[in-house]
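Asks:
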Amino acid sequence: GPQSAGAVPGPACYGQGGDKPTVTDAALTLGYLDPEFFLGGAMALDIAAARRAVDSDVAQPMGLSLEDAAAAIISIATENMVQAIVDITVNQGIDPREAMLIGGGGAAGLNSIAIARRLGSPRAIIPEVGAALSAAGAMMSDLSSQYRRTLFMTSEAFDRDAVNRLLDQLEESCQSFIAGPGAGAIDTSVEFFAEARYPEQVWEIEVPIASRRFNDEADVSALVEAFHAAHQDIFAINDPGSGIEVVGWTAAVKCRLRESESGSLIAADAATVIDGSRQAYFSGTGFVDTTVRRFETMAVGEKLAGPAIVESAFTTVVVDPGATAERRASGSLSIDPGAGDPGAA
Numbered sequence: 003g004p005q006s007a008g009a010v011p012g013p014a015c016y017g018q019g020g021d022k023p024t025v026t027d028a029a030l031t032l033g034y035l036d037p038e039f040f041l042g043g044a045m046a047l048d049i050a051a052a053r054r055a056v057d058s059d060v061a062q063p064m065g066l067s068l069e070d071a072a073a074a075i076i077s078i079a080t081e082n083m084v085q086a087i088v089d090i091t092v093n094q095g096i097d098p099r100e101a102m103l104i105g106g107g108g109a110a111g112l113n114s115i116a117i118a119r120r121l122g123s124p125r126a127i128i129p130e131v132g133a134a135l136s137a138a139g140a141m142m143s144d145l146s147s148q149y150r151r152t153l154f155m156t157s158e159a160f161d162r163d164a165v166n167r168l169l170d171q172l173e174e175s176c177q178s179f180i181a182g183p184g185a186g187a188i189d190t191s192v193e194f195f196a197e198a199r200y201p202e203q204v205w206e207i208e209v210p211i212a213s214r215r216f217n218d219e220a221d222v223s224a225l226v227e228a229f230h231a232a233h234q235d236i237f238a239i240n241d242p243g244s245g246i247e248v249v250g251w252t253a254a255v256k257c258r259l260r261e262s263e264s265g266s267l268i269a270a271d272a273a274t275v276i277d278g279s280r281q282a283y284f285s286g287t288g289f290v291d292t293t294v295r296r297f298e299t300m301a302v303g304e305k306l307a308g309p310a311i312v313e314s315a316f317t318t319v320v321v322d323p324g325a326t327a328e329r330r331a332s333g334s335l336s337i338d339p340g341a342g343d344p345g346a347a
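Using the numbering used here, you'd call the opening residue of the sequence shown number 3 and step up by one each time.
Below you can see the structure in the form of structure tokens.
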């Protein structure tokens, strides 16, 4: 996009009039996608058209081989995603090196491992429902709601009775939600948070309240200490000698509706494909014989070392050289990126 928003006309390999190279065309050129098993075989891809688009628009103008041009397309897409993730994590005080990367969307498996490796993340997770991650999340997530009240309070002049009355009101709202929309839930929980800041700051951060009531000064001190710790985690700085201001109070209620937290996607008419191998291109090695496994045929606990490709009717996961994928009981692929090949896609 935006020229091809909504896949109209889409990648050259779709055969819908598109003639500009896309990430899909590059992945097909490199052997990552099976042209006969796209969407479980429901749609055949034109590999010749993909190669023509990559060659005419990238390889020839830049003096690259067809394969190096295709690998460069994926590398640029990877780097763009890496920078976007860095922007939204580091700015919130989150170190990507201390987080796992979860790949969502049907194309996530093409470069999630490379993204995780560039970020320094110890692991990449491709959920079995990853191709429809947002929709699956909506179906499997808890039913939840939040209620907020405004009541300005300082740690130096903390009116425990007023705050406790407000928390009681929030608790009543949560219980009404449980009795109404959450009726029939198999489990429920209610958590409280304070929206707090240092004096004269113009933003607040959300701090969990350990106790549902403030019975004495020790409970107030616990909230202040929790704020200092949260501020340090987010901004890498705090002022333990300062008091705090609380401008808002929040109650979050959750109603668990499902026994199982896992799910799966089922293709009604997926083509039958036997596990095997095919030639795939990696920048550090060129074309190599690459193991191909069906996502659903991998046993729980089974490990697959790269180079390998794990595919289903919904997604294709490229396990490049140096990475190792393991099927978890949840159905997800848990992938150790390893050192990998710096030049690999």
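We treat Cβ as the ideally placed atom computed from N, Cα and C, and that holds for glycine.
Using the beta-carbon count (16 or more within 10 Å), is proline 201 buried or exposed?
Replies: exposed
Asks: Rounding to the nearest angstrom, what Cα-Cα distance links arginine 214 and valine 248 in this structure?
Replies: Going by the C-alpha atoms only, they are around 16 Å apart.
Asks: Distance check for arginine 329 and alanine 301, CA to CA, integer angstroms please.
Replies: 7 Å
Asks: From phenylalanine 297 to leucine 335, what does the alpha carbon distance come to, in whole angstroms?
Replies: 9 Å
Asks: Where does glutamate 38 fall in DSSP's three states?
Replies: coil
Asks: Using CA atoms only, rank isn't needed, just tell me which of Ala14, Leu225 and Lys256 is closest to serine 157.
Replies: Leu225
Asks: Please tell me whether phenylalanine 195 and valine 204 are closer than 8 Å, where the distance is taken between their beta carbons.
Replies: no
Asks: Among the candidates Ala51, Gln62, Ala327 and Phe154, whose CA atom is the shortest distance from the CA of leucine 306?
Replies: Ala327
Asks: Between the Cα of alanine 109 and the Cα atoms of Ala79, Ala254 and Ala138, which residue gives the shortest distance?
Replies: Minimum Cα distance to alanine 109 is reached at Ala79.
Asks: Return helix, strand or coil for serine 67, following the three-state DSSP convention.
Replies: coil
Asks: Measuring alpha carbon to alpha carbon, tell me which residue in Leu47, Glu206 and Ala220 is nearest phenylalanine 229.
Replies: Glu206
Asks: Given this structure, state the Cα-to-Cα distance separating glutamate 197 from isoleucine 96, to the nearest angstrom.
Replies: 19 Å
Asks: Helix, strand or coil for leucine 153 per DSSP?
Replies: strand
Asks: In whole angstroms, what is the alpha-carbon distance linking isoleucine 117 and aspartate 221?
Replies: 43 Å
Asks: Under 8 Å, with one C-beta from each stretch per pair, do the stretch 277-296 and the stretch 235-242 reach the 3-pair mark?
Replies: no
Asks: Under a three-way DSSP split, which group does serine 244 fall into?
Replies: coil
Asks: Look at the alpha carbon of leucine 103 and the alpha carbon of glutamate 304, and state the distance between them as a whole number of angstroms.
Replies: 20 Å
Asks: Please name the residue or residues paired with threonine 292 in a DSSP beta bridge.
Replies: Arg280
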